[in-house]
Structure formats: C-alpha cells, structure tokens
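Structure record follows, encoded as structure tokens.
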Amino acid sequence: HFYAISHFKEDHERLTIIDSDNLVDPQYLNSLNLMFEQGYVAVQGIRRAKKTETIYSALDEAGDIYYRYVDRKLLFEAGSSASLAGSGMAFTTEIYYQCLKDQQLMGAGFDKVLQYEIVKRGNRIAFCENAIVYDEKTAKSSQLVKQRARWINTWFKFFSLGLSLFAKSIIKLDLNAYLFSVLLLRPPLFIMVGLTGLFMIINIFISPVLLIYYFLFLTCFIFIFSKSLSYFKASPLVYKSLRNIPKFMFLQIIAFTKISKANKLSVATKHVDQND
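The number in the numbering used here is simply the position in the sequence shown, starting from 1, with 235 added.
And the structure:
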C-alpha cells in the first residue's frame, strides 16, 4: 500500500482498499465521500458475497453478515467504531500514513493494527451501509481451514493491542476506545461457543441453576444472529446452509490446530462453482 501511495501521480486526500477480485457498487466512492464530508477519517463499507452457491460460501456469508451487524453497525451506533474488514474500507491518506508509517508488519493482520492506531488517536471508524463491494467467498473446505487459521492467528498475535486500548480507555474515560477494546479482546466466535458449551456441561454437575443464564445468553445470541440475517436480507441459500454449522465449526477447530503455520498458508480465494 505504501508503494502505491509513494507512486501516486498526484497527491490524493483519500484512499480505499479492496481485494483484487472485488467488484464495487457504482455508488461506492460517492457513499464513502459522504461519510468523509461528515468529518470521519476512516470508513468501513459492506462486503457482500458475489455468490453463495456452495455450502462454505453461504456459511462464510452468514458469518460475515453477523459480524457486519454486531461489530460494525451496532458498535458504530453505540458511539464506538466499526471494525475493519480488510477490504471495502477507506481512509484519509494522512491518517493511513500516520498510523502505519512506523509499523513493520509481516503476514496477515495489518487491518488489526490500523484500526487500533486509528481508535487510539481518538478517531472513530464510520460504518457506511451504502458503500458496497462484492467479495469472493470461501468455496472449499481446504480454503476455509487456511483462511480461518490465519484469522485465528491474528487474534492471538494482536491480543495485546486490546489490553493496551482497554487500559487507555479507562484512564481517559473514552467510550469509543472502551467498547472497541472489548471487541478486540473478544475471542473468535467458535471459541466462545465451544467454551460456553463446555461450561454448561460442567455446571450441570456443579450449579445447575446457572443453566438458566446460559439459556438466556443462547436465546439472545440466536435473536441477534437471526436479526442480522433479516436486516441484511440474507439469501435463501444462506438460510439453507445453516444446517451445516456443526461441520463449519469442526473445520474451524481443525484451523485452530494449524495457527502456528498460519502465515505460511496461502489464502487466495479460488473461484469455483461447485461443492467440493
């Protein structure tokens, strides 16, 4: 990215980052500019699936919709910042340069460092529902394992950023930084679900009354997940794919065992049209 910036033919106030296989909505840039004109220095748009014809691409889209709703829409509306998604995002050139100029980043996760640096400086990352990029989703199980291994690895790798931001938010009484630090500290969804299931089993023998709270938490999660699919108008194929969530969870457990080699794994999205 810095190579591209240094080779601009003329100075640009803003830049946007998308994946090489993304397609953009005709109003993508105009929608981003509306947010910049409101004073924001960073904006995250929507990554919508190009197609969801395989089990894994549909489940990938379902997960993306959930995070889009919770980590971007709700978090931004609560007064904090939308989390960055790695593509479909835009920044003022100045803030991008200031946040990353001294960073030596290797492997995945530059967006994790970037969002931390933006929020640490007292800025909010806006969420723009009308800035849409069409993304190629994971289509095969082997792709999913490699991709998730890298994502899980980045959570562990940059966990300390969440702790640092949390401490700063308490000292400065900064709501934006506080809420965002909680997001950074939250483990991947499959780990949360797995630990919840384990603790439920333990409490059957230790304190069965606590199962009431687990049931309430589970009900809230299902409601929010359903709300996210409804709000962003998930396709029938996405709903149909939900029956395969246990298999999806199992593949993420496999991915967890590969996190030590995550940075060596290629995660380029392969374009296929059939189930593997």
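Glycine included, C-beta positions come from ideal geometry on N, C-alpha and C.
Pairwise C-alpha distance: residue j and residue i
i, j, result
"A384", "K347", "16 Å"
"I281", "S255", "16 Å"
"N510", "I300", "Legend: pLDDT at N510 = 45, less than 50; position of this residue unreliable, value from coordinates given subsequently. Cα to Cα, N510 sits roughly 21 Å from I300."
"N479", "L267", "35 Å"
"N438", "W390", "28 Å"
"I330", "G298", "29 Å"
"I447", "L486", "30 Å"
"F243", "R249", "12 Å"
"S241", "Q333", "14 Å"
"K468", "K462", "10 Å"
"R359", "M270", "11 Å"
"Y413", "Y275", "19 Å"
"I426", "D370", "25 Å"
"P261", "M484", "36 Å"
"T251", "L472", "30 Å"
"I406", "R307", "25 Å"
"Q350", "E296", "22 Å"
"S376", "A239", "33 Å"
"G321", "F450", "34 Å"
"Y302", "G397", "18 Å"
Start-to-end residues for the alpha helix (DSSP H) that takes in residue i
i, result
"N388", "S376 to K392"
"I488", "I480 to F491"
"T289", "Neither: T289 is in no alpha helix (DSSP H) and is coded neither H nor E."
"V243", "At residue 243 the sequence reads Phe, which differs from the Val that was named. Looking at the DSSP string, F243 is not in any alpha helix (DSSP H), and its letter there is neither H nor E."
"N412", "For the record, residue 412 in the displayed sequence is Ala; it is not Asn. Taken as a continuous stretch (DSSP letters only), the alpha helix (DSSP H) holding A412 covers L410 to L420."
"G432", "L424 to I441"
"Q350", "F345 to K355"
"S476", "P471 to S476"
Residues bridged to residue i [DSSP beta-bridge criterion]
i, result
"R283", "Y369"
"L464", "BP columns for L464 are empty, so no partner."
"I360", "A277"
"V259", "V368"
Cβ neighbour criterion (16 or more within 10 Å) applied to residue i
i, result
"E352", "buried"
"F415", "buried"
"Y304", "buried"
"D508", "Confidence at D508 is low in this model, with a pLDDT of 48, below 50, so its placement is unreliable and no value can be given for it."
"C455", "exposed"
"Y466", "exposed"
"Y474", "exposed"
"V444", "exposed"
"T289", "buried"
"K496", "exposed"
"A284", "buried"
"G432", "exposed"
"S404", "buried"
Cβ pair residue i, residue j closer than 8 Å
i, j, result
"V278", "V368", "no"
"T388", "I488", "A quick correction: the sequence has Asn, not Thr, at residue 388. Cβ distance not < 8 Å, so N388 and I488 don't count as in contact."
"S318", "L453", "no"
"F362", "F311", "yes"
"L379", "S315", "no"
"F401", "L420", "yes"
"S476", "T373", "no"
"G429", "A366", "no"
"S399", "T287", "no"
"F393", "G344", "yes"
beta-carbon residue i near the ligand ATP non-hydrogen atom, thresh 7 Å
i, result
"R385", "The ligand ATP is not among the ligands present in this structure, which contains no ligands whatsoever."
is_contact[residue i, chain C] using C-beta, thresh 8 Å
i, result
"F425", "In the displayed structure, chain C is absent; only one protein chain is listed."
Residue i, enclosing beta strand (DSSP E) - first and last residue
i, result
"I252", "R249 to I252"
"A325", "M324 to T327"
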